[in-house]
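In order, the protein sequence lines correspond to chains A and U. Read left to right, the first sequence gives residues 0 to 314 (numbering that gives the first Met the number 0). Read left to right, the second sequence gives residues 0 to 276 (numbering that gives the first Met the number 0). Even glycine gets a Cβ: it sits at the ideal position worked out from N, Cα and C.
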Amino acid sequence: MFTPAPLLALSSSTIGVSISLGLVGLGMVWMLIRSLRARDVDRRIVFLFIFISVSAPILFPITFSETPTPVVKKLFDKVESLPADSKVLISFDFDPAMAPEVQPMADAFTRHCMAKNHKVIFMSLWATGQSLLNQTMRAVLVTEFPEKRDGIDYVELGYKAGNEGVLNVIVSNFRKMFPTDVNSIPLDSIEIFDKIKSCRDLDLIISIGGGKPGIKEWVLFVGDPTKTPIGAGVAAVVAPQLYPYYPKQLLGLLGGVKGAAEYESELVRHYPQFEEVDKPGLRMMGPQTFAHVVILAFIVLGNISFFVSRRRASR
Amino acid sequence: MKRSSIIIMLVVLAMFVISWLAKASSMAGVEDHNIWHGFLITFSAFLTLAILSFLYKDNPFYKFAEHLFVGVSAAYWMSMGFWTTIVGNLIPRISNSLSAFFEVPPIADEWALLLLPDSVTFFIPVILGIMLLLRLSRNMGWISAWPLAFIVGSTAGFNLVRYLRSDFIEQVSSTFVPLLVDWQGTGHFFSHLNLNASGQFVTMAGNWVIFLGVMCGLIYFFFSKEHKGIFGFGSRVGIWILMVTFGASFGYTVMGRISLLVGRLTFLFGDWLGLIS
Numbered sequence: 000m001f002t003p004a005p006l007l008a009l010s011s012s013t014i015g016v017s018i019s020l021g022l023v024g025l026g027m028v029w030m031l032i033r034s035l036r037a038r039d040v041d042r043r044i045v046f047l048f049i050f051i052s053v054s055a056p057i058l059f060p061i062t063f064s065e066t067p068t069p070v071v072k073k074l075f076d077k078v079e080s081l082p083a084d085s086k087v088l089i090s091f092d093f094d095p096a097m098a099p100e101v102q103p104m105a106d107a108f109t110r111h112c113m114a115k116n117h118k119v120i121f122m123s124l125w126a127t128g129q130s131l132l133n134q135t136m137r138a139v140l141v142t143e144f145p146e147k148r149d150g151i152d153y154v155e156l157g158y159k160a161g162n163e164g165v166l167n168v169i170v171s172n173f174r175k176m177f178p179t180d181v182n183s184i185p186l187d188s189i190e191i192f193d194k195i196k197s198c199r200d201l202d203l204i205i206s207i208g209g210g211k212p213g214i215k216e217w218v219l220f221v222g223d224p225t226k227t228p229i230g231a232g233v234a235a236v237v238a239p240q241l242y243p244y245y246p247k248q249l250l251g252l253l254g255g256v257k258g259a260a261e262y263e264s265e266l267v268r269h270y271p272q273f274e275e276v277d278k279p280g281l282r283m284m285g286p287q288t289f290a291h292v293v294i295l296a297f298i299v300l301g302n303i304s305f306f307v308s309r310r311r312a313s314r
Numbered sequence: 000m001k002r003s004s005i006i007i008m009l010v011v012l013a014m015f016v017i018s019w020l021a022k023a024s025s026m027a028g029v030e031d032h033n034i035w036h037g038f039l040i041t042f043s044a045f046l047t048l049a050i051l052s053f054l055y056k057d058n059p060f061y062k063f064a065e066h067l068f069v070g071v072s073a074a075y076w077m078s079m080g081f082w083t084t085i086v087g088n089l090i091p092r093i094s095n096s097l098s099a100f101f102e103v104p105p106i107a108d109e110w111a112l113l114l115l116p117d118s119v120t121f122f123i124p125v126i127l128g129i130m131l132l133l134r135l136s137r138n139m140g141w142i143s144a145w146p147l148a149f150i151v152g153s154t155a156g157f158n159l160v161r162y163l164r165s166d167f168i169e170q171v172s173s174t175f176v177p178l179l180v181d182w183q184g185t186g187h188f189f190s191h192l193n194l195n196a197s198g199q200f201v202t203m204a205g206n207w208v209i210f211l212g213v214m215c216g217l218i219y220f221f222f223s224k225e226h227k228g229i230f231g232f233g234s235r236v237g238i239w240i241l242m243v244t245f246g247a248s249f250g251y252t253v254m255g256r257i258s259l260l261v262g263r264l265t266f267l268f269g270d271w272l273g274l275i276s
């Protein structure tokens, strides 16, 4: 009996993405021919191609394996090497516009710290950070670690206005800037803060963001004066501006969704129990890859068209 | 308003209502407040599409979403600032009765608050804040220049020291990297040659790039000597280093923008249309 074995062996994802890429490829050939005939291509056609190349891997998910780069590995190793009950502060310094890139990092850091039984202090220098912090708490803490208790295993300080001013105060005294946690419980009656007076008493600070105030301010106002190790997860746009701080002033840096994917893959490698949880960083690398291939193809196409038209003009 | 515009508005409104009802009915039995959640998800999807519609051309839907975003953001920041700073930090330090009203624990008892010399200092930002709000008054707007000057001056003062230390001294010191790392002779170097990211060869190559990149970048911006000969060569390398840096920044920006698009499309396909789990 005939069975379409080779076809069945292909997953629906592969078929879906292949069809989409085929369409994109054919469209590009059409654009190349149109360009060579010196006819304009509407910019909206380019947007359509990007839409298809990003949509296809979302609808038919394709994931790639990631190997952590040293700048990511170093931060992972630091969280991993800290003994249980270490005090880690995670600051959510971002807004919903950055969230698709940096929320996966926030989730991964939280997951990792909880798996290592660290005591985590959550705070935010951005007003919008607090609601995103609540999202991470709901998605990671409440769902995956229901045994962890507020005030004993973690504490949420929330947002405080003042930008660098907030850091300038907590570098010497937390209680002056945060008299209570987000639930109006005085810090003096929170177990985690028994031995914490200022940022100097923390074992690690992780800032997640991509704007001002953010990682740079943490380095300038807390990391350098107190020598407290600082790690960061940043939106891709600002990552190149922060690489000069690595490795002396920044312990490690996750740049954009690629950094998040690397951290997630390393986390799964060390903690197989997280294999089944959602890994948005890794999931987003499929659309990223296809979109980049299409953008590169457009650059090549544009250059061919440019050189051909220049040669025509010189004749 | 043109007749075609009214028709488009009505079509969009009809599609919104249909989508809302479909979403709410699909959530029935799963969510407690399915009508409300259905509305929120449909409205979020509408705003996403309204913003993306700018890619086609400017239109009233885009304008509506843009203005709504700016308004909601400003209101959100103001409200958070009030509840976390004025209610969270100021009121517990200046009044027990107000603390009780806002249900925040007071820092100290009423008498201690009056006796504490610290408590006086908390009124200074209150006064400065009120002075800042006087900008809204046509006659007394000039008073707002004083707190503004205080903000600019104090920020400059704080930042001067921090930037000098972290962005100047520390960064200059980070540029002085060893050009020979773990050097044990040429034979040892070639016999242990590998492309491991933390290996000797890659580390040394990275340090050489930092050293040469900084030197050539500085040469490019040094205009007291004509860029000719070896100096000119250094200047040309400098501009290449700058171009590579800008290229890397642009690449990262593209990655960031694609991530945002992925985030929005994941929402549209998943939360709104239910095409992905």
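For residue i, does the three-state DSSP call read helix, strand or coil?
i                           : result
leucine 6 (chain A)         : In this prediction, leucine 6 (chain A) has a pLDDT of 47, which is less than 50 and means its spatial position is unreliable; what the coordinates show is noted afterwards. In the structure shown, leucine 6 (chain A) sits in a helix (DSSP, three-state: H, G or I).
threonine 179 (chain A)     : strand
phenylalanine 220 (chain U) : coil
tyrosine 270 (chain A)      : coil
glycine 210 (chain A)       : coil
serine 90 (chain A)         : strand
serine 11 (chain A)         : helix
valine 154 (chain A)        : strand
proline 310 (chain U)       : No information on residue 310 (chain U) is available, as it lies outside the stretch 0 to 276 that chain U covers here.
proline 185 (chain A)       : strand
aspartate 270 (chain U)     : helix
aspartate 149 (chain A)     : strand
glycine 161 (chain A)       : coil
tyrosine 262 (chain A)      : helix
glycine 198 (chain U)       : coil
valine 40 (chain A)         : coil
glycine 205 (chain U)       : helix
phenylalanine 192 (chain A) : helix
aspartate 223 (chain A)     : helix
methionine 0 (chain A)      : Unreliable positioning characterises methionine 0 (chain A) in this predicted model, as indicated by a pLDDT of 44, which lies under 50. The coordinate reading is nonetheless provided below. Of the three classes helix, strand and coil, the one that applies to methionine 0 (chain A) here is coil, per DSSP.
proline 177 (chain U)       : coil
leucine 25 (chain A)        : helix
May I ask which residues mark the beginning and end of the alpha helix (DSSP H) holding residue i?
i                        : result
glycine 28 (chain U)     : Here glycine 28 (chain U) belongs to no alpha helix (DSSP H), and DSSP marks it neither H nor E.
methionine 104 (chain A) : 98 to 114
proline 146 (chain U)    : 144 to 162
tryptophan 76 (chain U)  : 59 to 80
valine 141 (chain A)     : From DSSP, valine 141 (chain A) is part of no alpha helix (DSSP H); its letter is neither H nor E.
glutamine 129 (chain A)  : 126 to 135
leucine 132 (chain U)    : 122 to 132
alanine 238 (chain A)    : 238 to 241
valine 70 (chain A)      : 69 to 80
alanine 296 (chain A)    : 279 to 313
proline 246 (chain A)    : Neither: proline 246 (chain A) is in no alpha helix (DSSP H) and is coded neither H nor E.
alanine 83 (chain A)     : Element bounds for alanine 83 (chain A): n/a, residue is neither H nor E.
valine 253 (chain U)     : 228 to 265
Determine the contact status of residue i and residue j, defining contact as a CB-CB distance below 9 Å.
i                        : j                           : result
leucine 54 (chain U)     : valine 53 (chain A)         : no
alanine 290 (chain A)    : methionine 97 (chain A)     : no
leucine 211 (chain U)    : phenylalanine 200 (chain U) : no
glycine 87 (chain U)     : valine 103 (chain U)        : yes
isoleucine 204 (chain A) : phenylalanine 173 (chain A) : no
lysine 62 (chain A)      : leucine 281 (chain A)       : A quick correction: the sequence has threonine, not lysine, at residue 62 (chain A). Cβ distance < 9 Å, so threonine 62 (chain A) and leucine 281 (chain A) count as in contact.
proline 279 (chain A)    : valine 70 (chain A)         : no
valine 221 (chain A)     : valine 170 (chain A)        : yes
valine 181 (chain A)     : glutamine 129 (chain A)     : yes
serine 4 (chain U)       : alanine 44 (chain U)        : no
alanine 260 (chain A)    : glutamate 65 (chain A)      : yes
glycine 208 (chain A)    : glycine 230 (chain A)       : no
Are there any heavy atoms of the ligand GTP lying less than 8 Å away from the beta-carbon of residue i, as far as the coordinates show?
i                      : result
threonine 66 (chain A) : This structure lacks the ligand GTP, and indeed carries no ligand of any kind.
Provide the residue(s) that pair with residue i in DSSP beta bridges, ordered along the chain.
i                     : result
alanine 231 (chain A) : A:Ser206 and A:Leu252
Let's see if you can read the secondary structure: which residues bound the beta strand (DSSP E) around residue i?
i                        : result
isoleucine 316 (chain A) : Beyond the ends of chain A as shown, which are 0 and 314, falls residue 316 (chain A); an answer cannot be given.
Within 10 angstroms of its Cβ, does residue i collect 16 or more other Cβ (buried), or is it exposed?
i                        : result
serine 206 (chain A)     : buried
serine 90 (chain A)      : buried
threonine 109 (chain A)  : buried
arginine 2 (chain U)     : exposed
histidine 111 (chain A)  : buried
serine 234 (chain U)     : buried
glutamate 274 (chain A)  : exposed
isoleucine 189 (chain A) : buried
proline 271 (chain A)    : exposed
serine 78 (chain U)      : exposed
alanine 204 (chain U)    : exposed
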